[in-house]
Each structure stands twice: as C-alpha cells, then as structure tokens.
Amino acid sequence: MARMRSPNYPSLSIRQAIDMVSKIYRTERTNVITREDAAKSMGYSGLTGRSMTVLGALIHFDLLSKAGKGEVRVTETAEEILHGITQEERDSATLKAAFAPQLFQSIHSRFPDGIPSEGTIKSFLMREGFSDAAVGPAINAFMETYHEVENIRESESYGGGADEAPDSPAQTQETPMQPAADTPTPPPPPAADDLNKINMDIRGDQVLISGLLDAKGLGLLEKKVAALKMLLAVHMDANDTDDNETSPITGINDKPLN
Numbered sequence: 001m002a003r004m005r006s007p008n009y010p011s012l013s014i015r016q017a018i019d020m021v022s023k024i025y026r027t028e029r030t031n032v033i034t035r036e037d038a039a040k041s042m043g044y045s046g047l048t049g050r051s052m053t054v055l056g057a058l059i060h061f062d063l064l065s066k067a068g069k070g071e072v073r074v075t076e077t078a079e080e081i082l083h084g085i086t087q088e089e090r091d092s093a094t095l096k097a098a099f100a101p102q103l104f105q106s107i108h109s110r111f112p113d114g115i116p117s118e119g120t121i122k123s124f125l126m127r128e129g130f131s132d133a134a135v136g137p138a139i140n141a142f143m144e145t146y147h148e149v150e151n152i153r154e155s156e157s158y159g160g161g162a163d164e165a166p167d168s169p170a171q172t173q174e175t176p177m178q179p180a181a182d183t184p185t186p187p188p189p190p191a192a193d194d195l196n197k198i199n200m201d202i203r204g205d206q207v208l209i210s211g212l213l214d215a216k217g218l219g220l221l222e223k224k225v226a227a228l229k230m231l232l233a234v235h236m237d238a239n240d241t242d243d244n245e246t247s248p249i250t251g252i253n254d255k256p257l258n
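Counting in my numbering, the sequence shown runs from 1 upward without gaps.
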C-alpha cells in the first residue's frame, strides 16, 4: 500500500523562517545561488533532508524564490522584513509573508471568525489529507506564526509614537502668560551704541535698572547705586515721619556720567 503524502506546508514558523533567510542574505544578498549554497549559508553541510525542508519553508513564506533549475534567491519581501526603512514597512512585509503559505490561507478562510482550538484545526487538517505525523508540525508552525501576527497587530494598534504625525500648531500653541497687574514691564534691551548708559526707573522705594556696561560703566553704576541708597533712605524717613505727606521722586538723569 502506498504511503499517503500530506499536502505541502511550511515546517517552520514565520519567525524561524526569517532567522534562516537572514543568514542567507548576510552572505549572498539577493544574488541567484544554488540550493546547496543556500543550505551552507544557513549552517548545513549541504543538501540534506532537513536543509531541503527548511528551504521549502522559506519558499512557502515567499522569503526565497526559485530562480532556475536548482537555484534560488532572496525575495524583495525578505529584504523589506530585514532592512525596511520604517517599522511599519517591516511589519507589513512580515504579515505578507506570514499569510503566503497556501495552508495558512486555507485555515484562515475556513475559520474567518477567529482561530479555534488546536483540536479543531487538527480535525480540519486530517480532512485535508494530512497524515498523523504531519499534523503536529503543521499545527505548531501555524500557531506560532499566528501568535507572531497577533503581536504585530497589537503593536500597530497601541504603538503609535514616532510614526504618528505631530500635532498641528493650533493644537500645541500655548496661551502666552500675562504679566501680573502689579509687575512692571521691563524696558527693551539696550542697543550696542548705548554702552554705559544706565537707565533707572524709580517707583517709590523700588528701582528698575538696566544698561549695557563695561568695566568703566560698572564703576559709574556703583556711584549711582550709592547715591540712590541715600535718596531712598531720605524718602523712607519722610514716609515714616508723616504718612500724610508724600515726597515724590521724579527720576535721575539717564545720560552717562562723565
């Protein structure tokens, strides 16, 4: 009696397949190579039963393509997964590869409302002609690939971050702070030709000072500050002796002292 042959299926998950094709890409890039060279790039001694099975899985996932008799090459899909510019591009290529195997497409088509239990999938595969020996590896490869797909979709749903468009200026513009009513508005910064011109705005017993000074100007400022101390002391004494009498101070010449 002839042995029943199971339908073709990838014996690896999508993550395992990506790891294997990355080894081929590292040494061969997308050049057309023999299957034997591809097997050696993955670490096998040559074309063995296991290496042929792995190469077949890479072809199922569209990570390798046939390029002639006994020859293969790394596909554009694999290159996008390995070296896509953005994470979105890499994830999109991974999803494309994950659904490339015909078996995985059939399972999704059969169970459109979500993946059922492994027992249900096993029954489906048995009806599709899979042998007992092939059912286990096929289910493992599919379930691991399915979980990888779910992880990618979840990260797309909740990731956002760097790929999101920045808020518009209207959304990010803050209302400028208004100065308090009793806060004096500072004078504009002095121009370069106003060197050593000391500006003083006397308001009661407080003074607002500004100016662009060098060493000579600092000396002048010291003299003005000393004079201001005396003037303010007189003003404060007058207020203390007669609260009803005011002694307005009208300001000081703001020209440079010679």
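Every residue gets a Cβ at the ideal spot worked out from N, C-alpha and C, and that includes glycine.
For clarity, every value in this text was computed on a predicted model and none was experimentally measured.
Of all C-beta pairs linking the stretch 148 to 158 to the stretch 25 to 34, fewer than three are shorter than 8 angstroms, placing the two stretches out of contact.
The beta carbons of L195 and D201 sit no closer together than 8 angstroms. If you check the CB distance, F104 and T145 come in under 8 angstroms.
In the structure shown, R73 adopts extended strand secondary structure according to DSSP, grouped into three states. Rounded to whole angstroms, the gap between the alpha carbons of V225 and D214 is 16 angstroms.
At a Cβ-Cβ threshold of 8 angstroms, I81 and A97 count as neighbours. In the three-state scheme derived from DSSP, where H, G and I count as helix and E and B as strand, S155 is classed as helix.
If you draw a 10 Å sphere on the C-beta of P10, you find 16 or more other C-beta atoms in it, and that means buried. Ranking V149, A38, K40 by CA distance to the CA of R90 puts V149 first. The secondary-structure analysis by DSSP pairs D201 across a beta bridge with L208. A Cβ-Cβ distance of about 5 angstroms is found for the pair F130 and S6, placing them in contact under the 8 angstroms criterion. Listed in chain order, the alpha helix (DSSP H) runs fully inside the stretch 106 to 132 are 118 to 127, counting runs of at least 4 residues.
Cβ-Cβ distances below 7 angstroms link G46 to E36, A39, K40 in the same chain, with the five nearest sequence neighbours on each side left out; the list follows chain order. Contact annotation, A100 with F61: C-beta distance approximately 5 angstroms; criterion of less than 8 angstroms satisfied. Our two residues, T77 and L95, have alpha carbons roughly 10 angstroms apart in a direct line. When the Cα atoms are used, A227 and K197 turn out to be separated by approximately 16 angstroms. Shown here, L58 sits in a helix according to DSSP, grouped into three states. Residue burial is scored here from C-beta neighbours: R50 has fewer than 16 other C-beta atoms within 10 angstroms and is therefore classed as exposed.
DSSP places A67 within a strand segment (E or B) once states are collapsed to three. Taking the C-beta atoms as reference points, T34 is found nearer than 8 angstroms to G70. For L63, the number of other beta carbons within 10 angstroms of its own is at least 16, and it is reported as buried.
Residue nearest to S13 within the set L218, A138, K229 is A138 (criterion: CA-CA distance). Looking only at G211, H147, Q87, the smallest Cα-Cα distance to I115 is reached by H147.
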